[in-house]
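S.K.: Protein sequences appear in the order of chains A and L.
Sequential numbering from 1 applies to the first sequence in our numbering.
Sequential numbering from 192 applies to the second sequence in our numbering.
Using N, Cα and C, we set each Cβ at its ideal position, and we do this for glycine too.
Structure below; questions to follow.
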Amino acid sequence: MLSAILVVGILASVFGLILGFAAIRFKVEGDPLVEKIDKLLPQTQCGQCGYPGCKPYAEAIANETAEINQCPPGGEQTIHDLADLLDRDILELNPDNGEVSEEKTVVYIDEETCIGCTLCIQACPIDAIVGAAKQMHTIIESECTGCDLCIPPCPVDCIHIKPVETELKTWQWDKPAILGINNPSSKANAR
Amino acid sequence: MMGKLFNFLGGIHIPQHKDVSTSSKVVSAKIPQRLILPLSQHIGSPSKPLVEIGQRVLKGEKIANADGYVSAPLHAPTSGQIEDIGDYPLPHPSGMLGQCIVIKPDNKDEWTSLTPHAGDYKTLNPSELRNIIRSSGIVGLGGAGFPTAIKHNPGPEREIETLILNGSECEPYITCDDMLMRERAKEIVCGLLIIKHAVQAKKCVIAIEDNKPIAIQSMQAAVKEFADSNIQVTVIPTIYPAGSEKQLIFTITGKEVPKNGLPFQVGVVCQNVGTTAAVYRAINHGEPLISRYVTVTGDVKNPKNLDVLFGTSAHELIEQCGGATGNGENNGDIRRIIIGGPMMGFAMQQVAIPIIKTSNCILVDANQSKDLQKRKFTMPCIRCGSCADVCPVNLLPQQLYWFSKAQELDRIQEYNLFDCIECGCCDTVCPSHIPLVQYYRFAKSEIWKRERETQKSDVARERHEFRQFRVERDKSEKAEKLRQKKAALKEREIKKDKESSKALENEGSSETKPKQPKNAAILAAMERVKAKKKNQQVTPKNTDDLTDAQKKLVKEIDDRRANQRKNNMSDANQKNESNSE
Chain A
1 MLSAILVVGI
11 LASVFGLILG
21 FAAIRFKVEG
31 DPLVEKIDKL
41 LPQTQCGQCG
51 YPGCKPYAEA
61 IANETAEINQ
71 CPPGGEQTIH
81 DLADLLDRDI
91 LELNPDNGEV
101 SEEKTVVYID
111 EETCIGCTLC
121 IQACPIDAIV
131 GAAKQMHTII
141 ESECTGCDLC
151 IPPCPVDCIH
161 IKPVETELKT
171 WQWDKPAILG
181 INNPSSKANA
191 R
Chain L
192 MMGKLFNFLG
202 GIHIPQHKDV
212 STSSKVVSAK
222 IPQRLILPLS
232 QHIGSPSKPL
242 VEIGQRVLKG
252 EKIANADGYV
262 SAPLHAPTSG
272 QIEDIGDYPL
282 PHPSGMLGQC
292 IVIKPDNKDE
302 WTSLTPHAGD
312 YKTLNPSELR
322 NIIRSSGIVG
332 LGGAGFPTAI
342 KHNPGPEREI
352 ETLILNGSEC
362 EPYITCDDML
372 MRERAKEIVC
382 GLLIIKHAVQ
392 AKKCVIAIED
402 NKPIAIQSMQ
412 AAVKEFADSN
422 IQVTVIPTIY
432 PAGSEKQLIF
442 TITGKEVPKN
452 GLPFQVGVVC
462 QNVGTTAAVY
472 RAINHGEPLI
482 SRYVTVTGDV
492 KNPKNLDVLF
502 GTSAHELIEQ
512 CGGATGNGEN
522 NGDIRRIIIG
532 GPMMGFAMQQ
542 VAIPIIKTSN
552 CILVDANQSK
562 DLQKRKFTMP
572 CIRCGSCADV
582 CPVNLLPQQL
592 YWFSKAQELD
602 RIQEYNLFDC
612 IECGCCDTVC
622 PSHIPLVQYY
632 RFAKSEIWKR
642 ERETQKSDVA
652 RERHEFRQFR
662 VERDKSEKAE
672 KLRQKKAALK
682 EREIKKDKES
692 SKALENEGSS
702 ETKPKQPKNA
712 AILAAMERVK
722 AKKKNQQVTP
732 KNTDDLTDAQ
742 KKLVKEIDDR
752 RANQRKNNMS
762 DANQKNESNS
772 E
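Put into structure tokens, the structure is as follows:
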């Protein structure tokens, strides 16, 4: 009886020590789930989800304080991916957060009108606007994510939205239309 | 002599339609009114223009430089004047515009000075040969347009066992390689010897499909002339797609090129016959690549092969072949043209597009040939599995189709979508007429798009994180500066106090004695103002006999004014402070 208690007690303390050591030695820095969620978000940092950027939203999702359907730029795809990752139900995009825009857009500055106030530079979450006080500003188009955060602060309304143009490199084949015997467009699609 | 051949799985036998364009000899196409030369005629980055509008160029003069390693220069196909550098329609499935150099020929066809190396290619080492090939703008003429010089540079540690000359040309309708082998067999064999030297290959195999007996004969005769025992002409069975690089390598050597790999990894270099002839012209005559054989066939009156300068419009070639055939009211109306063959080519509605280095065939569809209009109504997949039987890459086309349709882009990659060569075999045999290849192309471009987006969002994340770091850093730097400034001020004050107390001790003077001359001046000024104010003191005259209400009003006004003054003073002070900051 005594020996049994002794053996179990020793075993328990040994395993306790191992576990305690492992908890310190293999401690994971940061929350890997947040990183994973952050990876799936489109990184526009637009704040349409109600959080000041993609990382805070990812943290909120990880803490289960936010739903997965609050990201309009990500659209359906992001909701799908998040649902997959977190094993949650797929939801419709929350209309309170905005609508999915069909087209990718970027902004450009009407350089004639710009007065060089630097307000847009301060608003840009990814430093994609260059310029100095009282100097004309311009947008680095290749970096612009189309979050449109620079538009409201502009005092002279010189920032405009334009769709991203398709180039030869980014041109895409269309998805074949679902054709059928009753679908008259199938003839037009015939190769 | 013939080595053992290996048959790849799959492939299909389809009507060839080749004899329609092989009956007449190849003639040079007329120099057109205008040559439009796209800057991107190859895989890799577009060339960079070297010329200016209005400049006169000679035939063979370099007009655009290679931009980077995977790129190729561009040469003027004839002498003339540069008319424009701008956007023109490209031979591309998107039908988009792209940068082109436009030359207005002067019809003198005047060559620039050339430096031929006739007969002495053996004295040049492989790297020198590669340089000449590269600067001659030679790219793979089989269709992909990969810069040839890169293909000839497998790296020092690789040994090339076999150099395969691809004369299989398996797609229906196309006959430009066939005609080239018939008419310029000697040049091809010469070019083959040069490439053999450049890649230090041990043996060469000229692979020709057995549906080109005349080409086989003429190639065999040419090989005999050169009496090189390491070159052999191998006749391979006609089956589509025997001419696809990886399939051809398997047929000849029995080796499979690894996934995402290149032929030199199995000790093979594969070259198209057209490319080989171009290498010969570049080395022996010093001529850059400025023209090629193009098959004009399909619904045209005189289908034939033409020797075409790059930049010639497809429309012009169709005219030179007698125009489109037709009967009834739509006589001669071109529905579309297909650049390349019916299996792997792409259709274009526009006819005024230039011939580029990779255009091997113009297939005209004017609603005449039944074969070109084979696509009928799409029906549901019946899971017959015919597509899997014919796939030359041993994929499961049906699975790929489902995944593409459902946009399951991760699953489709697990099923090796990117090994698909888009040969169109599955498409052809599908009893439900499902446009399978279109589904694969769509899935591929969707995956590329997703990859681009991921890359972009990664960059955005990085930039955002850096911005946050920068804002934090600026804030803390500012705070630090402020702290330092304050500390410095305090120190100075303490010093001042000390000094003044010292001075006090030393001089023992009265309290009113100014501490410093500046302070003294201020004090004096204040005294003066006080005195002045005293002198100017005005006593209000109508302050007697006021009612209580009036008195109250006066007091209110006075208070307000005093307040205002106070505010103004503090504002000014603040301004001064911020200015001094």
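1) Whose Cβ in chain A lies nearer than 9 Å to the Cβ of H283(L)?
2) Any chance the CB of Y108(A) is under 7 Å from a heavy atom of the ligand ADP?
3) State whether the region 617–629 of chain L contacts the region 656–664 of chain L, with contact taken as three or more CB pairs (one from each stretch) at a distance under 8 Å.
4) Give every residue of the same chain whose Cβ lies closer than 7 Å to the Cβ of A447(L), excluding the five residues on either side of it in the sequence, and list them in chain order.
5) Counting C-beta neighbours from all protein chains within 10 Å, is the total for P73(A) 16 or more, i.e. buried, or is it exposed?
6) Where does N496(L) fall in DSSP's three states?
7) Rounded C-beta distance between T105(A) and G146(A)? I'm assuming under 8 Å.
8) Buried or exposed: where does N316(L) fall if 16 or more other Cβ atoms within 10 Å of its Cβ makes it buried?
9) Does DSSP classify H80(A) as helix, strand or coil?
10) Where does C291(L) sit, in a helix, a strand or coil, going by DSSP?
11) What would DSSP say about M539(L), mapped onto helix, strand or coil?
12) Taking Cβ positions only, does G53(A) come closer than 8 Å to chain L?
13) When you compare each of P95(A), W171(A), H80(A) to D89(A) by their alpha carbons, which one comes out closest?
14) Looking at chain L, is there any beta carbon in it that lies within less than 8 Å of the beta carbon of I37(A)?
15) Over what stretch of residues does the beta strand (DSSP E) that includes I161(A) continue unbroken?
16) Do we get a CB-CB distance below 8 Å when we pair K721(L) with the residues of chain A?
17) Span of the beta strand (DSSP E) holding E436(L)?
18) My output table needs one value for Y631(L): the three-state DSSP class, helix, strand or coil.
19) Using a C-beta cutoff of 8 Å, does P32(A) count as contacting chain B?
20) Kindly list the residues whose CB is nearer than 7 Å to the CB of F197(L), restricted to its own chain and excluding five residues on each side of it in sequence; keep chain order.
21) Report yes or no: do three or more beta-carbon pairs, one from the region 224–233 of chain L and one from the region 540–553 of chain L, lie closer than 8 Å?
22) Give the interface partners of D174(A) over in chain L, defined as CB-CB distance under 7 Å, in chain order.
23) Of all Cβ atoms in chain A, is any one closer than 8 Å to the Cβ of Y158(L)?
24) D127(A) touches chain L at which residues, Cβ-Cβ below 9 Å?
25) Comparing C-alpha positions only, which one of T339(L), P268(L), A263(L), P432(L) sits nearest to G202(L)?
26) In angstroms with no decimal places, state the Cα-to-Cα distance between I399(L) and R375(L).
27) Let me check understanding here. Comparing Cα to Cα, which of N63(A), I37(A), L85(A), Q122(A) lies closest to D665(L)?
28) What distance in whole Å lies between the Cβ atoms of L554(L) and P583(L), which are believed to be in contact at a cut-off of 8 Å?
29) Just by C-beta distance, which residues in the region 269–300 of chain L are closer than 7 Å to chain A?
30) Starting from Y471(L), follow the alpha helix (DSSP H) in both directions and report where the run begins and ends.
31) Three-state secondary structure (DSSP) at K388(L)?
32) Express the C-alpha separation of I365(L) and I528(L) in angstroms, rounding to a whole number.
33) Pull up the distance between the alpha-carbon of L586(L) and that of P125(A), whole angstroms please.
34) Would you decide whether E35(A) is buried or exposed? Buried here means 16 or more other CB atoms lie within 10 Å of its CB.
35) Looking at D595(L): is its Cβ nearer than 8 Å to the Cβ of Y631(L)?
36) Helix, strand or coil for Y23(A), going by three-state DSSP, please let me know.
M.R.: The answer reads as follows:
1) Among the residues of chain A, those whose CB is under 9 Å from the CB of H283(L) are L168, W171, following chain order.
2) This structure lacks the ligand ADP, and indeed carries no ligand of any kind.
3) Segments in contact, no.
4) Residue identity differs from the one stated: residue 447(L) is Glu in this sequence, not Ala. The answer, listed in chain order, is F441.
5) The residue in question, P73(A), is buried, as its Cβ has 16 or more Cβ neighbours within 10 Å.
6) Here N496(L) sits in strand by DSSP.
7) That pair is a contact at about 4 Å.
8) A residue is called buried once 16 or more other Cβ atoms fall within 10 Å of its Cβ, and N316(L), having fewer, is exposed.
9) When secondary structure is reduced to three states using DSSP, H80(A) falls in the helix class.
10) Of the three classes helix, strand and coil, the one that applies to C291(L) here is strand, per DSSP.
11) Here M539(L) sits in strand by DSSP.
12) Yes, contact with chain L.
13) Of the candidates P95(A), W171(A), H80(A), the one whose C-alpha sits nearest the C-alpha of D89(A) is H80(A).
14) Answer no: the Cβ-Cβ gap between I37(A) and chain L never drops below 8 Å.
15) Taken as a continuous stretch (DSSP letters only), the beta strand (DSSP E) holding I161(A) covers 159–163.
16) With a threshold of 8 Å between beta carbons, K721(L) makes no contact with chain A.
17) Unbroken run through E436(L) is the alpha helix (DSSP H), 436–444; no beta strand (DSSP E).
18) DSSP places Y631(L) within a helical segment (H, G or I) once states are collapsed to three.
19) The structure shown contains no chain B; its protein chains are A and L.
20) Counting only Cβ-Cβ distances below 7 Å, and skipping sequence neighbours, we find F441, T442, G445.
21) Of all C-beta pairs linking the region 224–233 of chain L to the region 540–553 of chain L, three or more are shorter than 8 Å, placing the two stretches in contact.
22) Those within 7 Å of D174(A) in chain L are F633.
23) Residue 158(L) is absent from the model: chain L starts at 192 and stops at 772.
24) Within chain L, the residues R654, H655, F657, R658, R661 have their CB atoms less than 9 Å from the CB of D127(A), given in chain order.
25) With distances taken between Cα atoms, G202(L) lies closest to P432(L).
26) Taking the straight line from one Cα to the other gives about 15 Å.
27) Of the listed residues, the one whose Cα sits closest to D665(L) is Q122(A).
28) Their Cβ separation, rounded to whole angstroms, is 22 Å, which puts P583(L) and L554(L) out of contact at 8 Å.
29) For the region 269–300 of chain L, which is checked against every Cβ of chain A, the residues closer than 7 Å are H283, S285, M287, G289.
30) 464–475 is the span of the alpha helix (DSSP H), which, as asked, contains Y471(L).
31) Residue identity check: residue 388(L) is His in the sequence provided, not Lys. Reduced to three states, the DSSP call for H388(L) is helix.
32) The straight-line gap from Cα to Cα measures roughly 14 Å.
33) In this structure, the straight-line span from the alpha carbon of L586(L) to that of P125(A) is close to 45 Å.
34) When all chains shown are included, E35(A) counts as exposed.
35) According to the sequence provided, residue 595(L) is Ser. The question's Asp does not apply to it. At a Cβ-Cβ threshold of 8 Å, S595(L) and Y631(L) count as neighbours.
36) Looking at the sequence itself, residue 23(A) is Ala, so the reference to Tyr does not match. Here A23(A) sits in helix by DSSP.
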